[in-house]
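Trainee: To convert, note that position 58 of the sequence shown is 58 in the UniProt record's numbering; the numbers rise steadily by one, no gaps. Backbone N, C-alpha and C fix where the C-beta goes; we use that ideal spot for every residue, glycine too.
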Amino acid sequence: MSKQEIKVIIVEGRSDKEKVAKLVDEEVEIVCTNGTINVERLENLIEMFNMDYRDVFILVDEDNAGKKLRKQLSKELPHAIHIYIDKSYREVAATPVSELAVALVSSHIMINPEYL
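What follows is the structure in structure tokens.
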């Protein structure tokens with residue numbers, strides 16, 4: 001599989017990355033922004049991971065910082081697919097694995113069946 005074919009999932013923090021990595025059952029690259037980021041750093045990430053030419057998924061918290069980041073990412077990556085968690089959990093890290101698995105699978109990301 002070429003690097004181009006490997007999906008990219010953008011998350012905010014390390015705990016989000018670890019939780020998603022545990023669920024996913026295909027080769028993906030999980031990129032942490034560590035919260036909201038400036039345009040220059042975002043452009044560096046896009047370039048570094050060749051995101052303009054890959055399937056990109058945005059999975060961020062449902063709080064103000066997450067919404068701001070999602071807005072910023074959609075401007076720079078208009079082709080990205082948005083994955084939303086239930087607002088009641090607010091954070092990806094606080095979302096039950098079964099809920100997170102369903103959100104990922106509904107975006108055509110393969111999930112380890114034990115989490116579904």
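1. At which residues does the alpha helix (DSSP H) containing I46 begin and terminate?
2. Whose CA, out of L77, Y115, V60, lies closest to the CA of I90?
3. Does the beta-carbon of E12 have 16 or more other beta-carbons within 10 angstroms, so that it is buried, or is it exposed?
4. Give every residue of the same chain whose Cβ lies closer than 6 Å to the Cβ of I10, excluding the five residues on either side of it in the sequence, and list them in chain order.
5. Between D52, K87, V28, which lies nearest to L77 when the distance is taken from Cα to Cα?
6. Where do the N-terminal and C-terminal ends of the alpha helix (DSSP H) with V60 fall, by residue?
7. Taking Cβ to Cβ, would you say V8 is nearer than 9 Å to F49?
8. Which residues does DSSP list as the beta-bridge partners of K7?
9. Hey, how far is the Cα of L69 from the Cα of E114?
10. Whole angstroms is fine: what's the gap from I85's alpha carbon to V97's?
Mentor: Taking the definition as stated:
1. 39 to 48
2. Position check: residue 90 holds Arg in this sequence, whereas Ile was assumed. Comparing Cα-Cα distances from R90 to each of L77, Y115, V60, the minimum goes to V60.
3. buried
4. V31, I58
5. D52
6. Where V60 is concerned, there is no enclosing alpha helix (DSSP H), given that its DSSP letter is neither H nor E.
7. yes
8. V28
9. 31 Å
10. 11 Å
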